[in-house]
Every structure is written in C-alpha cells, then in structure tokens.
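Protein chains in written order, with my numbering: chain Y, 1347 to 1556; chain C, 1347 to 1556; chain W, 1347 to 1556.
A short write-up of the structure that comes next.
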Amino acid sequence: MKMRIDAFAVMNIIGLLAFALVGTVKAIDADLDLLGAAILGVVTALGGGTTRDLLVNQVPNSLQSSTDVTIALVGIVLAVVGVHFIDELVDHNAVVVSDAVGLSAFATTGALIGHSNGVSPFGIIVLAMATGVGGGVYADILLRRIPFVLKEDFYATCTIIGGGSFWIFLSTGADSQTGAVACALTVFTVRLIAVHQEWNLPKPSHVTDI
Amino acid sequence: MKMRIDAFAVMNIIGLLAFALVGTVKAIDADLDLLGAAILGVVTALGGGTTRDLLVNQVPNSLQSSTDVTIALVGIVLAVVGVHFIDELVDHNAVVVSDAVGLSAFATTGALIGHSNGVSPFGIIVLAMATGVGGGVYADILLRRIPFVLKEDFYATCTIIGGGSFWIFLSTGADSQTGAVACALTVFTVRLIAVHQEWNLPKPSHVTDI
Amino acid sequence: MKMRIDAFAVMNIIGLLAFALVGTVKAIDADLDLLGAAILGVVTALGGGTTRDLLVNQVPNSLQSSTDVTIALVGIVLAVVGVHFIDELVDHNAVVVSDAVGLSAFATTGALIGHSNGVSPFGIIVLAMATGVGGGVYADILLRRIPFVLKEDFYATCTIIGGGSFWIFLSTGADSQTGAVACALTVFTVRLIAVHQEWNLPKPSHVTDI
Chain Y
1347 MKMRIDAFAV MNIIGLLAFA LVGTVKAIDA DLDLLGAAIL GVVTALGGGT TRDLLVNQVP
1407 NSLQSSTDVT IALVGIVLAV VGVHFIDELV DHNAVVVSDA VGLSAFATTG ALIGHSNGVS
1467 PFGIIVLAMA TGVGGGVYAD ILLRRIPFVL KEDFYATCTI IGGGSFWIFL STGADSQTGA
1527 VACALTVFTV RLIAVHQEWN LPKPSHVTDI
Chain C
1347 MKMRIDAFAV MNIIGLLAFA LVGTVKAIDA DLDLLGAAIL GVVTALGGGT TRDLLVNQVP
1407 NSLQSSTDVT IALVGIVLAV VGVHFIDELV DHNAVVVSDA VGLSAFATTG ALIGHSNGVS
1467 PFGIIVLAMA TGVGGGVYAD ILLRRIPFVL KEDFYATCTI IGGGSFWIFL STGADSQTGA
1527 VACALTVFTV RLIAVHQEWN LPKPSHVTDI
Chain W
1347 MKMRIDAFAV MNIIGLLAFA LVGTVKAIDA DLDLLGAAIL GVVTALGGGT TRDLLVNQVP
1407 NSLQSSTDVT IALVGIVLAV VGVHFIDELV DHNAVVVSDA VGLSAFATTG ALIGHSNGVS
1467 PFGIIVLAMA TGVGGGVYAD ILLRRIPFVL KEDFYATCTI IGGGSFWIFL STGADSQTGA
1527 VACALTVFTV RLIAVHQEWN LPKPSHVTDI
C-alpha cells in the first residue's frame, strides 16, 4: 500500500519515534538490560503493525522493509540518552502529543489495510485498535503488567472511535482516503481531549450505582 | 467451511455467549473499565477461533463475518447486567453447562479445520485445544494470571481427548462429520463428568509418590 | 526446506530435547499439573519454530509433521522422570550445552527461512531471535514471569549476533549453506563463552555511570 499523503508519512515517523521512546523508557524503569530495553522499544513501535499484517495474512512489512526499524532505533537511542537528562520523559508534552500522532497514524493504517482486505466493520475496528495499541500491549505483557489500555485511560477507545468513523465515512460513499483523514483526525483529537480532560471509562461494577 | 449440522450452529452460539460472559465477569472482578471488560469478553469468545484460523494461514473468520462478534456482544451485555444480580454468575449451573457446550463446539471446529488443511494428528489435537482454550488463555494473560488451564482443572484435557477421538474415528475410516460428532460428544461428556467429579490431573512432583 | 547437512538435523534433535526438558522442569518447579508441564515442554520446544513459520506466512511445520513433537515428548518424559533424581537438572552441564546446541540450530533455521523468503537484514535477525528464544518467552509468559531473555543473560544476544553473521556472510557473496554454518557456530560459541564468563549486558540506567 503506497501512501500518497506526505502528512501521513510524517505522522507515521513521529509515531514510530514516540512509541519506541515510550517503550524503551518503560523497559529502563523496569530495570531491563540494554538489549531488553531495545527489544521493548522495537516491540512497542513495530508490534501493532506486525499484528495488523499477520491478521490479514501478509508477511509483516516490519520484516520486509528496514525503514521502520531504523526509525524505531532512533527513538530507542533518544530514550536511552534522554532518560538521564529528563526526569519524566514519557510525561513530557512533546512525547504525549507525538504518541497521539502515532496512535492516530497507526490506527489509520489498520483501518485502511482492513478495508483493502475486505474485512467486516468489526474487523476494521479491530485492525485499527490492534495496530494502534498492539505494540503497547505486548510491551506490557513482556513486563508482566496488565496492559494499561485495559485498566485505565481513554486510549484504545480513541482507535475504536477512529475505526468506527472510517467505516461510517465509507458506508456513506466516501473514498478510503477521505475515510483515512477522518479516522486520523478523530483519533488524534479524541486522544488529546482525553488526556487534557483526564477522561476515564466507567467501571462496570459502578455502572448501576450511577 | 459450511456447517450443515444445525445442532452444531446452536452449540457454537451457546459457546460464544458463555465464553463472552465468563471473560467479561472475570474482567469486572479484576476491576477493569467498561472497554477492558468488553475486550476481555470478545477475546475470550473469539480468541480461540482467531488463533485456529491464523495457525492454518487464513484471515480470521472473526474479522470477516460480523455474526460471531455480535453474539459475543450479547454475552458481554448479559455479564455486565447479570453481575449485579447474581453473585456467583460464573459458577451458575447454566453457565458451566453452556461453557462445556462451547468448549465442545470450539474444539470440534478446530479438529475439522485442521483435518481439511491436512495437518498431522498432533496438529489436529493442537487445533482442537487452541480453539477451545485459546480465548481463555489470552484473557488470563491479559489479566496477568497463569492461565487456569495450566494450573488446575480437567479442561484443556477434554479438548485433547476430543481431538484424539476425532483422529481415531477418521483413521478407522469414518468421515469427518462422524468424527466431529464423536469429538463434540467426547469433549462435552468428559468435561461435565470432570466438573461433577472435581477431577484434577496429578502434579509431576507427586507422581512418584503414588 | 530440506536440510542436507546431517550435523544440523542432529543439532535440531538435541535442541528439541533440551528445550522440552528445560520447559517441563520450569513448569514442574512452578507446581503445574502433568498436562501443564507437558504443554510448557511442547511450547518451549516448538514455540520458536511455530512463530518463525507464522511470521513468513506458512502453516507451521510443527502442525504438519509429527517428528518434532515426538522428540519434544521424549524430552518431557526425561524431565518428569529426571527431576526426581537430579536436583538441579536444568543447571546440569549436559543440559546447558544441549540448550546452546538448540539455540544455535533454531536461530539458524530462522535465518535460513528468512533469507529464502526475502526478508530484510532486520527480518533475518528477528527470525533468528524469534526462532531461538520464542519458545522460552512463551513459556515465561504462561508462567507469568518477565521473559528471562529480557532481564538477564547473554542469551537472545547470541541469536542476534548469529543472525547478523549470517547476513554479513551472504552480503559478501557466500551461499546460504556457508552462512548457516557461520550462524550456527557463532551462536553456539558466543553462548558457551557467555555462560562460562557469566556475561551480562549493561543496564541503560547505569550506562552513563561507566
């Protein structure tokens, strides 16, 4: 799949950098060695896209092209160097915004590839979500944590809304490029609002108390 | 693969409902938010079948058809609502029997799809087991637990015996429909007996003490 | 892929035995039941190769041929019996060397299959590593542990160096058989030296202190 939209390629690069950085910092905080930290960075950055490709039965792009892993390695180096200079690297505004850019870019490739493989509406949402949050989930599993997307934060939800908006646009007759723009803008906007407003989903055990 | 046996389609629906319900209740007990609970429900219901399809190199049926996920969503809603009215929802007899029905239906699709893809006898057993218990294993991993099928219960064992009986029937000349009936009956019967008798497998550390 | 090198087939058998034994002993130590222990043994022995095949979009060899699982079962039986006679079975020299032989053989099949599927240099290294350490990582995840390859030991690193040497040989014009021999020897030698010298990678949090 060729991306004609240059903005999209830039978003993808920002996302790979941010995801690799966040994953590496997580690993350093968990006291992993250099290799472990690098693996966590690579997994966080490339895990979602690899899952997306495997789910639609393709040899993962991450194994065929060297571009993405090279970008991820830059993010890993930034993390290893930066973690000694900036205390709360992953909470830095630049990282939070870059992470939202990445979530948005990744979810959109998931929706696009799902669409071009003819999956169901649910399949589009799953691929948007898996591409966006897959890497972070694997990183948390490797660190023996309950994936943060399950416990807190309006994070995976953004990709679900984004995948849903992609599908709504296409079922109203828009082409996939328009749907992609809608998906990317939706994920990014909802994510930033969620961070700013500290949104959280209700817990089912309290639902009936409301 | 078209299922001609209507009984089988009904079993599959019961299984999807029961698995989604059990997974969602588990997630609620673990204090996940609404999305987390729904994801756990979907993963428990669809994880096994998705694994089965990926193992034989097909785009997962769960991403192509909207039927199964819709059924799973019903199970999730039942869990979210029911958990406030019934204390020990997952231990309720109706849930235990439905779960056994699902285990039986899922294991049987695994054996059938393995057979139609020409895998080895071991492959048939693995696919029966992965389809039957895969969803529950993923749910436990996401909840940071040792998968219950590894620690206790005569659960995965039922699918192994079922897959084995499928293979025995076919290697004695029966057709795959007969093998499927044998597999389904075996898994269901063995599972119910195991629950009733509270069977557990011996632990290797005590084997030589016997 | 036919292996013409008999030495390689022997290495593969030794590796399957060692990996199955190590995985089973781990499971027994974690108090799993007989089935759980057997599953851990099978997963440790066959998990890496299965991952390798899925990543290049093939139905896993482990599901098509009965040879490898039969060898793994022998390793599992050895573990269940041996664990009662030898206290520190997994630290026994014979097991450590056999494990290194397996790591070497598995990493090499990963590099070879990556090469024949035309993946990138990074893809070759990922496939060498995934084939070598995948089984152990899954076993640790099932036992709810941070995978040991991430926390300590010069283990996964050996497969990375091996995959890298495979790629260097091929990019200098060597054929894949020569590259395979180079990869196998590199992984085995580096692994044994690492065990003997108790090598560990530095942790990023201490990197700048050096």
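Built from N, CA and C at the ideal position, the CB exists for glycine as well.
Predicted model only: the values in this text are computed from it and were never measured.
query, result
"Below 7 Å on C-beta distance, what does residue 1406 of chain Y contact in chain W?", "1401"
"Taking residue 1503 of chain C as the query, report the chain W residues whose CB atoms sit under 7 Å from its CB, ordered along the chain.", "1381"
"By DSSP, does residue 1486 of chain W sit in helix, in strand, or in coil?", "helix"
"Does residue 1462 of chain Y come within less than 8 Å of chain W when only Cβ atoms are used?", "no"
"Taking only beta carbons into account, state which residues of the stretch 1533-1546 of chain C come closer than 7 Å to chain W, listed in chain order.", "1546"
"Under the rule that 16 or more other beta-carbon atoms within 10 Å means buried, what is residue 1416 of chain W, buried or exposed?", "exposed"
"At the 8 Å Cβ level, is residue 1469 of chain Y part of the contact set with chain B, yes or no?", "Note that chain B does not occur in the displayed structure, where the protein chains are Y, C and W."
"State yes or no: is the beta carbon of residue 1429 of chain C nearer than 8 Å to at least one beta carbon in chain W?", "no"
"Buried or exposed: residue 1511 of chain Y, going by 16 or more other Cβ atoms within 10 Å of its Cβ?", "buried"
"Touch check for the stretch 1482-1489 of chain C and the stretch 1356-1376 of chain W: three-plus C-beta pairs under 8 Å?", "no"
"For residue 1370 of chain Y versus residue 1447 of chain Y, is the C-beta distance shorter than 8 Å?", "no"
"Measure the alpha-carbon distance for residue 1442 of chain Y versus residue 1543 of chain C and round it to whole angstroms.", "54 Å"
"Is residue 1377 of chain C close to chain Y, meaning its C-beta is less than 8 Å from at least one C-beta of that chain?", "yes"
"Find the residues of chain Y that neighbour residue 1465 of chain C, judging by a C-beta separation of less than 9 Å, and give them in chain order.", "None at all; the shortest Cβ gap to chain Y is about 17 Å."
"Could you check whether residue 1380 of chain C and residue 1497 of chain Y sit closer than 8 Å to each other, using their CB atoms as the reference points?", "no"
"Go through its chain and collect everything with a Cβ distance to residue 1555 of chain Y's Cβ below 6 Å, but skip five positions before and after it.", "The predicted position of residue 1555 of chain Y is uncertain, since its pLDDT is 40 and thus under 50; no value can be drawn from it."
"Are the C-beta atoms of residue 1347 of chain W and some chain Y residue less than 8 Å apart?", "Legend: pLDDT at residue 1347 of chain W = 47, less than 50; position of this residue unreliable, value from coordinates given subsequently. Answer no: the Cβ-Cβ gap between residue 1347 of chain W and chain Y never drops below 8 Å."
"Look at the alpha carbon of residue 1418 of chain Y and the alpha carbon of residue 1387 of chain Y, and state the distance between them as a whole number of angstroms.", "7 Å"
"Provide the residue span of the alpha helix (DSSP H) that contains residue 1410 of chain W, from first to last.", "1407-1410"
"Let me check understanding here. Comparing Cα to Cα, which of W/1538, W/1456, W/1490, W/1505 lies closest to residue 1372 of chain W?", "W/1490"
"Using DSSP with H/G/I as helix, E/B as strand and the rest coil, what is residue 1513 of chain W?", "helix"
"Against chain W, with Cβ distances strictly below 8 Å, would residue 1356 of chain C count as a contact?", "no"
"Kindly indicate which residue of W/1389, W/1506, W/1393 has the alpha-carbon position closest to the one of residue 1528 of chain W.", "W/1506"
"Decide yes or no for the touch test of the stretch 1447-1456 of chain Y against the stretch 1523-1537 of chain Y: beta carbon pairs closer than 8 Å, at least 3 of them.", "yes"
"I need the DSSP call for residue 1493 of chain W, collapsed to helix, strand or coil.", "coil"
"From this set, Y/1368, Y/1353, Y/1358, Y/1354, which residue's C-alpha is nearest residue 1494 of chain Y's C-alpha?", "Y/1368"
"Looking at the C-beta of residue 1492 of chain Y, does it have a partner C-beta in chain C at a distance below 8 Å?", "yes"
"What are the uninterrupted segments assigned as alpha helix (DSSP H) that are 4 or more residues long and contained completely in the stretch 1362-1417 of chain W, given in chain order?", "1380-1401, 1407-1410"
"If I'm right that residue 1504 of chain W touches residue 1540 of chain W with Cβ under 8 Å, what's the distance once you round it to whole angstroms?", "7 Å"
"Name the chain Y residues whose beta carbon is nearer than 9 Å to that of residue 1523 of chain C?", "Within 9 Å Cβ-Cβ: nothing; residue 1523 of chain C doesn't reach chain Y, min ~28 Å."
"Between residue 1394 of chain Y and residue 1454 of chain Y, which are expected to be in contact by the criterion C-beta below 8 Å, what is the C-beta distance as a whole number of angstroms?", "Incorrect: roughly 12 Å between the Cβ atoms, too far for contact."
"By the three-class DSSP mapping on this structure, what secondary structure does residue 1451 of chain Y have?", "helix"
"Quick one, which of C/1501, C/1407, C/1525, C/1492 has its alpha-carbon nearest residue 1470 of chain C's?", "C/1525"
"Return the residue from the list Y/1405, Y/1429, Y/1466, Y/1492 that minimises the CA-CA distance to residue 1472 of chain W.", "Y/1405"
"Assuming contact is defined by CB atoms lying nearer than 8 Å, are residue 1466 of chain Y and residue 1412 of chain C in contact in what I supplied?", "yes"
"Going by Cα to Cα distance, which pick from Y/1445, Y/1519, Y/1501 is closest to residue 1357 of chain Y?", "Y/1445"
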